[in-house]
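Heads up, the thing below is written out as structure tokens.
Number of protein chains: 2
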Amino acid sequence: MPSPATRADDRYHHGDLRKALLNAARTLLEERGPAALSLRELARRVGVSAPSVYHHFSSLDAIAVALAEQGFTELTEGLEAAPIHAEGQLAPTGHAYIAFARANPGLYRLMFGEGFRDASKGSQAVHALRERAYEKVVAGLRTRLPADELPVAALFLWSLAHGLALLMIDRQVDAGADAEAVIRSVLRLAGVGLPPSA
Amino acid sequence: MPSPATRADDRYHHGDLRKALLNAARTLLEERGPAALSLRELARRVGVSAPSVYHHFSSLDAIAVALAEQGFTELTEGLEAAPIHAEGQLAPTGHAYIAFARANPGLYRLMFGEGFRDASKGSQAVHALRERAYEKVVAGLRTRLPADELPVAALFLWSLAHGLALLMIDRQVDAGADAEAVIRSVLRLAGVGLPPSA
DNA sequence: CTATCATCCTAACGATGTAAAGATACGGAG
DNA sequence: CTCCGTATCTTTACATCGTTAGGATGATAG
Numbered sequence: 019m020p021s022p023a024t025r026a027d028d029r030y031h032h033g034d035l036r037k038a039l040l041n042a043a044r045t046l047l048e049e050r051g052p053a054a055l056s057l058r059e060l061a062r063r064v065g066v067s068a069p070s071v072y073h074h075f076s077s078l079d080a081i082a083v084a085l086a087e088q089g090f091t092e093l094t095e096g097l098e099a100a101p102i103h104a105e106g107q108l109a110p111t112g113h114a115y116i117a118f119a120r121a122n123p124g125l126y127r128l129m130f131g132e133g134f135r136d137a138s139k140g141s142q143a144v145h146a147l148r149e150r151a152y153e154k155v156v157a158g159l160r161t162r163l164p165a166d167e168l169p170v171a172a173l174f175l176w177s178l179a180h181g182l183a184l185l186m187i188d189r190q191v192d193a194g195a196d197a198e199a200v201i202r203s204v205l206r207l208a209g210v211g212l213p214p215s216a
Numbered sequence: 019m020p021s022p023a024t025r026a027d028d029r030y031h032h033g034d035l036r037k038a039l040l041n042a043a044r045t046l047l048e049e050r051g052p053a054a055l056s057l058r059e060l061a062r063r064v065g066v067s068a069p070s071v072y073h074h075f076s077s078l079d080a081i082a083v084a085l086a087e088q089g090f091t092e093l094t095e096g097l098e099a100a101p102i103h104a105e106g107q108l109a110p111t112g113h114a115y116i117a118f119a120r121a122n123p124g125l126y127r128l129m130f131g132e133g134f135r136d137a138s139k140g141s142q143a144v145h146a147l148r149e150r151a152y153e154k155v156v157a158g159l160r161t162r163l164p165a166d167e168l169p170v171a172a173l174f175l176w177s178l179a180h181g182l183a184l185l186m187i188d189r190q191v192d193a194g195a196d197a198e199a200v201i202r203s204v205l206r207l208a209g210v211g212l213p214p215s216a
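Residue numbers (the numbering used here), protein chains in the order written: chain A, 19 to 216; chain B, 19 to 216.
In structure tokens form, the structure reads like this:
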């Protein structure tokens, strides 16, 4: 009944099971969050038996690490595409950072510690990825800040963007429709600082 | 051989199973992180059968919610104890916030979204707790900032403290021994702002 | 055409959260 | 002091999960 091997999806030897699994994981991640990442559910969605997954990933945590890897490359790409020379000093980088987190909430949460079974090992594998992404942020600021202020300023920006991104992802700040405006005003405050006294 | 009912721990009717479970959960949380919160492991540590837990909590997520509740009351207590009228405007609040997170890393992560089985329901129960804690932060700033700047300034401070706390908890910033100095300089930057240009 | 190999499958193990249903001890009413 | 109801804890059981072991299938090289 079925044509011999025209469609690549339902062949016995799957077209590219690894990629299919990652794609399914990506959508599952955004549908139900990192805690719902399930090896069996992934196999089910791809139409494959659960143990087959182990021919492409050594564990569920390995899938999570691969996803985080994807996420960090996409994040750094987004940061590099941000207009470095715009008028605001760190606003573009901050906007790009938060935009990525808001576009991929589940993935972003996974990238920062959530959803790993073996936290000590899984997170450790992601540790280096985070540091590399951080280097990109620092590099973006290097041309615009004196060298001695750079470390603290970079940590400051990272903390602010990370915190705001997480709060918005968790819907803790009800920015409603004008989320962009909220982000803008917070980032502006970062550039100017709070009024010196009340 | 055992004295009839002197010690409260090994009676048939447990002394206070609910509290014992929460205490065990607290230490398990800091030992192995929120992902390792296990109902059966808790029952094991308290010396009780697993289904007994259901006489005190309706689910594992309910335990997590109770823990988060503890955490938020302790956090707000810490924030209220912070010297509001010190010379720095928001530094004391920021320090108290980050100090709590660093003292209870597992609990803090649990309070902000990690470790819930049913993310949609568990996190929703914690949502109100987070907002109440946020009100405390806002209240602490109300006396020292003009009313129109207050919402943005509070969100700014919360984002910064939240982000820095998480980065330090995840050991992403290797502050080493002088963590306090790092926190101080970042918070100082929050009060002053970045230099207007490079 | 055959043999090798990557790929996938079924079967099974231990551990988890949770649901019944039964046993035990505590505490108040007679 | 006795009895009984109720809260508390237990054993048993089920579905699901991540993972392992061993067998079958399809593609591919000689």
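By construction, the Cβ of each residue, glycine as well, lies at the ideal position given by its N, Cα and C atoms.
Taking only three categories from DSSP, how would you classify residue i?
{"i": "Gln190 (chain A)", "result": "coil"}
{"i": "Phe174 (chain A)", "result": "helix"}
{"i": "Val66 (chain A)", "result": "coil"}
{"i": "His32 (chain B)", "result": "coil"}
{"i": "Leu163 (chain B)", "result": "coil"}
{"i": "Leu39 (chain B)", "result": "helix"}
{"i": "Asp136 (chain A)", "result": "coil"}
{"i": "Gly131 (chain B)", "result": "coil"}
{"i": "His73 (chain B)", "result": "helix"}
{"i": "Leu182 (chain A)", "result": "helix"}
{"i": "Gly124 (chain A)", "result": "helix"}
{"i": "Ser141 (chain A)", "result": "helix"}
{"i": "Gly51 (chain B)", "result": "coil"}
{"i": "Ser56 (chain B)", "result": "coil"}
Just curious, the alpha helix (DSSP H) that residue i is in, first and last residue?
{"i": "Leu115 (chain A)", "result": "Here residue 115 (chain A) is Tyr; the residue named in the question, Leu, does not match the sequence. Note, Tyr115 (chain A): alpha helix (DSSP H), 109-121."}
{"i": "Asp14 (chain A)", "result": "Within the shown structure, residues of chain A are numbered from 19 to 216, placing residue 14 (chain A) beyond reach of any answer."}
How would you list, in chain order, the residues of chain A whose beta-carbon sits under 8 Å from the beta-carbon of residue i?
{"i": "Gly65 (chain B)", "result": "The contacting residues do not exist; Gly65 (chain B) stays about 26 Å from chain A at best."}
Cβ closer than 7 Å: which chain B residues qualify as neighbours of residue i?
{"i": "Val83 (chain A)", "result": "By Cβ distance, chain B contributes nothing, its closest Cβ being about 15 Å from Val83 (chain A), past 7 Å."}
{"i": "Asp120 (chain A)", "result": "The sequence shown places Arg at residue 120 (chain A), rather than the Asp named in the question. Under the 7 Å cutoff, chain B gives no residues; its nearest Cβ is about 14 Å from Arg120 (chain A)."}
{"i": "Ser177 (chain A)", "result": "Leu178, Gly181, Leu182, Leu185, Val204"}
{"i": "Val191 (chain A)", "result": "Leu173"}
{"i": "Arg44 (chain A)", "result": "The premise fails here: Arg44 (chain A) is roughly 17 Å from chain B at the closest Cβ pair, so nothing lies under 7 Å."}
{"i": "Ala137 (chain A)", "result": "Gly51, Ala53"}
Who are the neighbours of residue i on chain A, taking C-beta pairs under 9 Å?
{"i": "Gly89 (chain B)", "result": "Residues of chain A passing the Cβ test: none, with the nearest at roughly 15 Å."}
{"i": "Val170 (chain B)", "result": "Val200, Ser203, Val204, Arg206, Leu207"}
Between the alpha carbons of residue i and residue j, how many angstroms are there, rounded?
{"i": "Asp188 (chain B)", "j": "Arg63 (chain A)", "result": "33 Å"}
{"i": "Leu182 (chain A)", "j": "Leu39 (chain B)", "result": "34 Å"}
{"i": "Leu55 (chain A)", "j": "Ala199 (chain A)", "result": "33 Å"}
{"i": "Phe118 (chain A)", "j": "Gly124 (chain A)", "result": "11 Å"}
{"i": "Asp196 (chain A)", "j": "Arg202 (chain A)", "result": "10 Å"}
{"i": "Leu35 (chain A)", "j": "Val144 (chain B)", "result": "38 Å"}
{"i": "Ala86 (chain B)", "j": "Gly33 (chain A)", "result": "45 Å"}
{"i": "Ile81 (chain A)", "j": "Leu163 (chain B)", "result": "47 Å"}
{"i": "Ala172 (chain A)", "j": "Val155 (chain A)", "result": "7 Å"}
{"i": "Gly89 (chain B)", "j": "Leu168 (chain A)", "result": "34 Å"}
{"i": "Ser141 (chain B)", "j": "Leu184 (chain A)", "result": "13 Å"}
{"i": "Met186 (chain A)", "j": "Ala193 (chain A)", "result": "8 Å"}
{"i": "Asp136 (chain A)", "j": "Thr111 (chain A)", "result": "32 Å"}
{"i": "Ala26 (chain A)", "j": "Val83 (chain A)", "result": "Unreliable placement is indicated for Ala26 (chain A), whose pLDDT of 40 sits below 50; the coordinate value is still reported in the next sentence. Answer to the nearest angstrom: the Cα atoms are 26 Å apart."}
{"i": "Asp166 (chain B)", "j": "Leu178 (chain B)", "result": "20 Å"}
{"i": "Arg148 (chain B)", "j": "His73 (chain A)", "result": "43 Å"}
{"i": "Ala43 (chain A)", "j": "Glu98 (chain B)", "result": "43 Å"}
{"i": "Ser138 (chain B)", "j": "Arg206 (chain A)", "result": "33 Å"}
{"i": "Gly209 (chain B)", "j": "Ala53 (chain A)", "result": "37 Å"}
{"i": "Thr161 (chain B)", "j": "Ala109 (chain B)", "result": "15 Å"}
{"i": "Leu46 (chain B)", "j": "Phe134 (chain B)", "result": "15 Å"}
{"i": "Pro101 (chain B)", "j": "Leu128 (chain A)", "result": "36 Å"}
{"i": "Ala146 (chain A)", "j": "Thr94 (chain A)", "result": "14 Å"}
{"i": "Pro69 (chain A)", "j": "Phe75 (chain A)", "result": "10 Å"}
{"i": "Glu59 (chain A)", "j": "Ala114 (chain B)", "result": "42 Å"}
{"i": "Leu159 (chain B)", "j": "Gly65 (chain A)", "result": "55 Å"}
Which chain A residues are close to residue i, counting only those with a beta carbon under 7 Å from its beta carbon?
{"i": "His74 (chain B)", "result": "Those do not exist, as His74 (chain B) stays about 23 Å from chain A at its closest Cβ, beyond 7 Å."}
Can you pull the chain B neighbours of residue i, defined as C-beta to C-beta under 9 Å?
{"i": "Glu132 (chain A)", "result": "Pro52, Ala53, Arg127, Gly131, Glu132, Gly133"}
{"i": "Asp188 (chain A)", "result": "Phe130, Gly131, Ser141, His145, Arg148"}
Just checking residue i against the ligand SAH - is the residue's beta carbon closer than 7 Å to any of the ligand's heavy atoms?
{"i": "Ser203 (chain A)", "result": "Summarising the ligand content, the structure contains no ligands, and the ligand SAH is consequently not present."}
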